[in-house]
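Engineer: Take this structure, written in structure tokens, and hold onto it; I'll ask about it next.
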Amino acid sequence: MTGSGKPLLYPEERALDDAAWEQGLTPSRIFAILLPVWQVEVRATVTEGRPYELIDRFLERGILEGGLTSVAELSRFFALDEPLVDRAVRVLSAIGHVTVRDGRLALTELALRSQRDQVCYVTTREDRRKMYFDAFSSRPFSRGYYDSGTVTFLTADKAAAATAAHPYPRFLKLTSTRGFRRDALRDLEGRSDRDHYNLPFRVEQPESLGEECVYLPVYLVRAADARRAPRYLVYSQITDTADPELSDLCGSLPEITGLVESEALAVQPGRHEQRIADWLADKGVHGVRAVQTERGFWQVTLPATAFRPSGRVPLSRIGSFVPLGTGVLGVWCEDERIREDAFLRRIDAYVTASRTDVGDWVVRLARRLGLALGTVAEVGALARRAGMSSLAAVLAEHTGS
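For the sequence shown, position 362 (counting from the first letter as 1) is numbered 363 according to our numbering, and the numbering increases by one without interruption.
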């Protein structure tokens with residue numbers, strides 16, 4: 002929980018659904034973890050671009066292309082008064098474009114870049130910013146993690162509170178013995194995609210003033226592909242789809258994969274089946290046994306009476322998963338009417354007039370729930386038959402009807 006009582010992450014089943022139905026994997030465990038992150042206080046300079054003054058551009062070209070190395074040579078070549086050229090060279094020196102080496106004028110790297118781009122770059126001010134790097138290999142975090150309204154980085158004290166909290170899921174705090182790699186800032190500065198990691202091109206010469214270890218709450222899903230090879234997917238507060246960069250990071254670190262695999266091996270034979278039986282009993286369901294699907298995950302097929310309002314199982318569980326600590330459990334129902342009801346309720350919670358991905362999403366969800374609905378128009382017709390006129394109206398906006 003955050004300080005306001007808001008959960009740190011969305012429900013676990015959303016991550017499991019993405020792993021199973023969007024990524025095509027077989028999820029077997031889900032862990033709520035606190036990923037250690039270096040929060041780096043960075044000092045840098047800001048370079049702005051402006052149009053060249055005509056004389057400045059030609060003086061720099063004279064130095065660069067003509068090999069002119071003194072005020073006198075520049076003055077003679079361009080047929081300008083020497084005092085005028087001297088003042089212009091002093092200005093170029095003041096903005097960091099011209100330097101004197103062994104008594105000869107030379108262009109700086111900033112001037113060379115300016116000439117290349119035909120923009121007069123000037124270092125205008127100092128920049129201070131916080132930047133985030135993982136605490137294992139000092140990889141930078143992408144720009145989405147800098148939205149403080151969406152992403153929560155926890156201090157050490159708040160991380161300790163999250164791991165001690167009683168509400169499920171309880172977070173497991175990971176630790177790293179590796180310090181921040183200072184070269185990571187210089188490496189990032191040289192990357193063509195640096196803006197993606199919140200280091201715009203106009204921000205230069207970044208240096209660390211200090212680092213603090215903070216923690217990012219994420220889900221880590223252990224899954225398997227079609228060849229039964231292990232896969233690890235990471236889900237953060239940014240979106241309920243897997244983060245490919247964090248997934249690649251965690252999947253490459255033995256400190257993390259080893260911990261996940263040891264947790265999986267620690268489950269005693271028959272313990273997961275017993276946990277499923279306990280869950281069924283808690284929901285008032287009797288006479289139902291779990292089976293392993295062809296894809297490899299455990300699943301129960303429940304009667305219509307098991308679901309709300311008459312039963313205790315939410316309709317949203319159909320075609321989804323229940324995390325049980327020892328593993329995950331898929332939930333199904335053979336009653337098509339119940340599946341249609343679950344489908345419409347899920348669509349009603351998802352669809353708004355402003356969404357642009359409705360068509361593909363509803364078709365994928367219908368396929369997951371075993372419903373023969375191939376278009377948004379067909380879903381709208383189903384909503385009208387079910388008396389959900391408001392949902393039908395919103396869907397009509399997406400079909401232009």
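We treat Cβ as the ideally placed atom computed from N, Cα and C, and that holds for glycine.
Predicted model only: the values in this text are computed from it and were never measured.
(1) Rounded to whole angstroms, how far is the Cβ of L345 from the Cβ of A387, which I believe are closer than 8 angstroms?
(2) Once you ignore the five residues that flank L330 on each side, which residues in its own chain have a CB closer than 6 angstroms to its CB?
(3) For the beta strand (DSSP E) that F322 lies in, which residues bound it at each end?
(4) For the alpha helix (DSSP H) containing W280, name the first residue and the last one.
(5) Specify the secondary structure class of D135 as computed by DSSP and reduced to three states.
(6) Could you give the DSSP three-state label for A267: helix, strand or coil?
(7) Flag this pair as yes or no: are the beta carbons of R340 and L370 separated by less than 8 angstroms?
(8) Hey, is the segment 102 to 120 in contact with the segment 235 to 244, meaning 3+ C-beta pairs nearer than 8 angstroms?
(9) Pull up the distance between the alpha-carbon of E295 and that of T27, whole angstroms please.
(10) Relative to the C-alpha of R171, which candidate in H273, V219, R126, T153 has its C-alpha closest?
(11) Would you call the CB atoms of L75 and G97 closer than 8 angstroms?
(12) Rounded C-beta distance between T327 and R272? I'm assuming under 8 angstroms.
(13) Which value, in whole angstroms, describes the spacing of the CA atoms of Q116 and E49?
(14) If you pair each beta-carbon of the segment 148 to 157 with each one of the segment 86 to 102, do three or more pairs fall below 8 angstroms?
(15) Here's a check: name, in chain order, each residue in its chain whose Cβ is nearer than 6 angstroms to the Cβ of T400, leaving out the five neighbours to either side.
(16) For L217, tell me which candidate among R144, V38, W22 has the shortest Cα-Cα distance.
(17) Return the bridge partner residues of P28 from the DSSP annotation.
(18) Is A243 near the ligand GDP - that is, is its Cβ less than 7 angstroms away from at least one heavy atom of it?
(19) Decide if the segment 10 to 18 is in contact with the segment 98 to 109; the criterion is three or more beta carbon pairs, one per stretch, under 8 angstroms apart.
(20) Please report the straight-line C-alpha distance between R203 and I64, rounded to a whole angstrom.
(21) Bridge partners for Y233 per DSSP, in chain order?
Structural biologist: To lay it out plainly:
(1) 6 angstroms
(2) I277, W299, V323
(3) Note, F322: beta strand (DSSP E), 322 to 324.
(4) 272 to 283
(5) strand
(6) Secondary structure of A267 (DSSP, three-state): coil.
(7) yes
(8) Counting Cβ pairs under 8 angstroms, fewer than three are found: no touch.
(9) 10 angstroms
(10) V219
(11) It is not a contact, given that the beta carbons lie outside the stated cut-off.
(12) Right, their Cβ atoms sit about 5 angstroms apart.
(13) 14 angstroms
(14) Contact annotation: the segment 148 to 157 does not touch the segment 86 to 102, with fewer than three C-beta pairs closer than 8 angstroms.
(15) V377, A378
(16) V38
(17) A224
(18) You won't find the ligand GDP in this model; it holds no ligand whatsoever.
(19) no
(20) 25 angstroms
(21) Per DSSP, the beta-bridge partners of Y233 are R223.
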